[in-house]
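The opening position of the first sequence corresponds to residue 712 in the numbering used here, with each subsequent residue numbered one higher.
Ideal Cβ placement from N, Cα and C applies to all residues, glycine included.
A quick write-up on the structure given underneath.
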Amino acid sequence: MYLEIQREILARFVGAIQEVFGLKIDAPVPDFPPSVEMGDLSIAACFELAKQLRQSPRKIAEQLVARLLPLPGVERVSVAGGGYINFYLDRAQVASGLFRPRTSPPKHGIAAKGKVLVEHTSINPNKAAHIGHLRNAVLGDTFVRLLRFRGNPVEIQNYIDNTGVQVADVVVGFVHLEKKGLEDIRKLIQDPFIRFDYYCWDLYARVFQYYAEAEDALALRAEALKAIEEGHGEMAAIADLVSTAIVRKHLETMERINVRYDLLVEESEILRLEFWEYAFEVLKQSGAIRYEESGKNAGCWVMGLAEAGNGETTDEESGSEDVKIIVRSNGTVTYVGKDIAYHLWKFALLGRDFGYQRFHRYADGQPVWRTAPDAAAEAPAFGRGAVAYSVIDTRQSYLQSIVATAFRALGFQEEAANLHHFAYEVVGLSPRCAEEMGLALTAADRQRSYIEVSGRKGLGVKADDLINRLVEKATQEVQARQMTEDPAEQAASARMIAVGALRYFLLKFSRRMIIAFDFKEALAFEGETGPYLQYSVVRARNIFRKFQESHPDFNPQRLGELVSANQLKMFLGGKDGEAFWELILLAAQLEMVADQAIAAAEPAVVAKYAFRLAQAFNNFYHRYRILSEADPARQNFLLYLVHLVNESLTRTLDLLGIEVPERM
RNA sequence: GGGCGUGUAGCUCAGUAGGAUAGAGCAUCGGAUUUCUAAUCCGAGGGUCGGGGGUUCGAGUCCCUCCACGCCUGCCA
């Protein structure tokens, strides 16, 4: 509704320019006046046109104004300042339009292209997840929710690097440090008193200590890696057992924070199905990669990066060009090579497909599929995306750009343009937090804004430890308030509050900001936090609950019928009209905000919006008493307002993956 | 050396492809409703938007330059 009005206004403006001045312009970007007294939407384009039209901006604006009305949803138009055109919306119409269920948006933008593939989480399956992984998953999951909200078909993929060095390292640990075989490890996994992912976390750190101390230890790693890649023998079996068990733990952890997947894509299947060999052929034939006969990269297949669009990368003095090795001189392929093959598959450019098998079922029955040799006939059509987003931390920007370079070298210009690296910054530890975790810091370290986590040192905050601490704290808060005696409701509320706090904490920073993790901030439930947002919704619902006690027939969904257009007009134009209207206007902007968040691939935009809306509502909540309102018409109007905000805010929180408890 | 990113209040961060008076949370201080439960609200102090040039009617936002910090620049991922 609101977006449609906005589009109409901009289109009419473009039309008016054409009529009056015979000039064709692109639709201007709408601005928002500093306060609602000055209008609800503003166009500043007259300033730019002034020079071209040799007239003052104000004069241009004045000539246009008369031709802008009538417009649906717009009450009046004025010229302000040096030449702003300000539009005042028909408040009653917007308010009643908001009440209608929000329909799917028209097919435009990326929705028109086809299926969107979002790859996120993609944790190495060799140890427990940590906070950095949570940031990845929450960003990716929220982005998926946004895309779906705006009508895009989305498929969520989680890439499982089950044949990489990190898994090999843990295998080395089991085999050489612990002298464990397949059966021993299987018992370990089944042991209810051991958290297998935590066990591997510690083992992984021990392996690196061993690498540092033992002379030929790295040869063991190479040996393990080779065995795993070839898929034969006990080491490969151990790798499969370990990585599968860890993946199950990761799914459990992510399910706790409302993150789910459609498909797990396993690297072992990419190897087994020889996707790489096929991609290799295509890359060779197209000349995208070449064999180096001499020089420092002799014996390797490399890709030149001059065409990457990063400017001239040739080093003139040595005459050597900037290249990336794709196939090593020993014939093995690098990670980027496998990633190129994987991404070709995403766009159905590989000419072959995986088999699929159900891997997991969530409590409500929704399945998670994985790539598998023994294909199930009823598997959905995975892949074949039109657009792909890969949620991967910013340190891999260089490697991701190489995948796009390969696409272009192969002539897949359009697909390269639709391949997006959703880059985000890492989560470090605040120096104070690092010390809490038992790390010895130097004076210089303490001056740093953050300390890098290190899986190799075992330094980091495990995801489940953090979630547990949050649940613990939330439980205390819930019990202290004595909202309910029911332990089941207490537990449910505590979980929602903990997840709300965590997800909001990870979403409120824009993705290019390094988060210096600190328990004090992450465990905060007041101020700009998830629980604040949840509490706002609970307040709105409390009003309804209380009102219902004296009005048993009350149904908030039917409030729209109880408030007439005239009454809307009266209250929105009356004494407190501005305050009421600001709240409605904000609630009406959800779709606009979601579109902005998608365009910028920035979920933080929605998080900030949720906070602004909650803040506006809490302010309103304090200023106006609703249950004690004497005038029934005004009371209905106020209830209607609460309903509008409740709807918008609840929906916004759902986009953030945040649920709302019954009571707080 | 090159590429990318960051730099805004004491701290942590927003600032909508340039627009009207730079905002929020935390922290500090001072207030509010014996209620629709205070996980709340209101107010106060606190800013050379890293420095310097430039473009523009208009720059926190765009361009140039310099500074600081971080990441990447592996036959690791």
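Member of the options whose CA lies at the smallest distance from the CA of residue i
i	options	result
Thr874	Lys891, Val918, Met946 and Val849	Met946
Phe1377	Gly1284, Val1353, Glu1183 and Arg1223	Outside the displayed span of the chain (712 to 1375) sits residue 1377, for which this structure offers no information.
Met1014	Ile1051, Val918 and Val1274	Ile1051
His943	Glu1370, Ser979 and Thr964	Ser979
Gly733	Leu1110, Ile771, Gly750 and Ile720	Ile771
Ile957	Gln804, Arg906 and Gln1245	Arg906
Ala803	Leu1110, Arg718, His1071 and Asn1277	Asn1277
Ser1141	Ala1312, Ile842 and Ala823	Ile842
Gln1326	Ile754, Glu1126, Val1034 and Pro1242	Pro1242
Met965	Thr853, Ala933, Val882 and Gly1006	Thr853
Glu963	Thr832, Leu1366, Asp1033 and Lys762	Thr832
Asp742	Tyr799, Gly1042 and Gly784	Tyr799
Ala738	Ser753, Met749 and Pro745	Ser753
Ala1134	Thr1153, Thr1105 and Tyr1109	Thr1105
Val1047	Gly750, Val876, Lys1057 and Lys1035	Lys1035
Ser1112	Phe1123, Val1102, His1132 and Asn1179	His1132
Met749	Gly792, Ala722, Phe758 and Gly825	Gly792
Unbroken beta strand (DSSP E) run spanning residue i, endpoints
i	result
Pro903	Here Pro903 belongs to no beta strand (DSSP E), and DSSP marks it neither H nor E.
Glu977	Leu974 to Glu977
Arg787	Val785 to Ala791
Asn1396	No statement about residue 1396 is possible, as the shown extent of the chain runs from 712 to 1375 and does not include it.
Ile1379	Only positions 712 to 1375 of the chain appear in this structure, which leaves residue 1379 out of reach.
Arg1180	Unbroken run through Arg1180 is the alpha helix (DSSP H), Ala1174 to Arg1192; no beta strand (DSSP E).
Glu830	Val827 to Glu830
Val685	Here the chain has residues from 712 to 1375 only, and residue 685 is not among them.
Arg1001	Ile1000 to Tyr1002
Val1013	Trp1012 to Gly1015
Leu764	Counting along the chain, Leu764 falls outside any beta strand (DSSP E), though it belongs to the alpha helix (DSSP H) covering Ala756 to Leu764.
Beta-carbon gap between residue i and residue j smaller than 8 Å
i	j	result
Val970	Val849	yes
Arg1362	Leu1301	yes
Val1371	Met1194	no
Arg861	Ala1305	yes
Val1249	Ala1298	no
Met1224	Glu1136	yes
Val1098	Val827	yes
Leu1218	Pro1314	yes
Asn837	Val878	yes
Ile1369	Tyr1215	yes
Ile1000	Ile949	no
Val805	Ile1254	no
Ala1174	Leu845	yes
Phe1228	Gly1288	no
Val829	Val855	yes
Trp1428	Phe1070	Residue coverage of the chain in this structure runs from 712 to 1375, which leaves residue 1428 outside it and unanswerable.
Glu716	Val785	The residue asked about is misnamed: residue 716 is Ile in this sequence, not Glu. The answer is yes: Cβ separation under 8 Å.
Val882	Val993	no
Leu1360	Leu1324	yes
Leu714	Ile1309	no
Ile736	Ile728	yes
Element boundaries [alpha helix (DSSP H), containing residue i]
i	result
Tyr989	Phe986 to Ser997
Glu1293	Gly1288 to Ala1299
Arg701	Lying before the first or after the last residue shown, residue 701 is absent from the chain, which here runs from 712 to 1375.
Tyr713	Tyr713 to Phe732
Ile771	Pro768 to Leu779
Leu1324	Ala1315 to Arg1334
Ala1128	Gln1124 to Ala1128
**Study point:** Inside the stretch 1130–1171 only - beta strand (DSSP E) runs reaching at least 3 residues
**Key:** Runs of the beta strand (DSSP E) inside the stretch 1130–1171: 1130–1135 and 1138–1140.
Review point. Which whole runs of the alpha helix (DSSP H) in the stretch 1055–1110 are 4 residues long or more, in chain order?
Key: none
Point to revise | Sequence ranges, beta strand (DSSP E) only - wholly within the stretch 1211–1283, length at least 3 | key: Taken in chain order, the complete beta strand (DSSP E) segments of 3 or more residues contained in the stretch 1211–1283 are 1226–1228.
Review point. Of all the alpha helix (DSSP H) runs that stay within the bounds of the stretch 846–903, which reach a length of 4 or more residues?
Key: If you keep only unbroken alpha helix (DSSP H) runs of at least 4 residues inside the stretch 846–903, you get 876–883 and 893–901.
Review point. Do three or more CB pairs link the stretch 1141–1152 to the stretch 1235–1255 at distances below 8 Å?
Key: no
Review point. Using 8 Å as the Cβ pair cut-off and three pairs as the minimum, do the stretch 862–870 and the stretch 960–975 touch?
Key: yes
Point to revise | Residue ranges of each alpha helix (DSSP H) within the stretch 915–970, 4 or longer | key: 928–941 and 944–967
Check your understanding: With contact counted as at least three CB pairs below 8 Å, one residue from each stretch, are the stretch 1085–1095 and the stretch 1050–1068 in contact?
Key -> yes
Practice item. Check whether the stretch 1151–1163 touches the stretch 1325–1341, taking contact to mean three or more Cβ pairs, one atom from each stretch, closer than 8 Å. Key: Here the stretch 1151–1163 makes no contact with the stretch 1325–1341; the two share fewer than three CB pairs at distances below 8 Å.
Review point. Any contact of the stretch 889–898 with the stretch 926–939, i.e. 3+ C-beta pairs under 8 Å?
Key: Counting Cβ pairs under 8 Å, fewer than three are found: no touch.
**Study point:** Contact between the stretch 1204–1218 and the stretch 1110–1119 (3+ Cβ pairs under 8 Å)
**Key:** no
Review point. Does the stretch 1258–1267 come within contact of the stretch 778–785, defined as at least 3 CB pairs closer than 8 Å?
Key: no
Review point. Can we say the stretch 1160–1169 touches the stretch 913–923, given the rule of at least three CB pairs closer than 8 Å?
Key: Verdict: yes, contact present.
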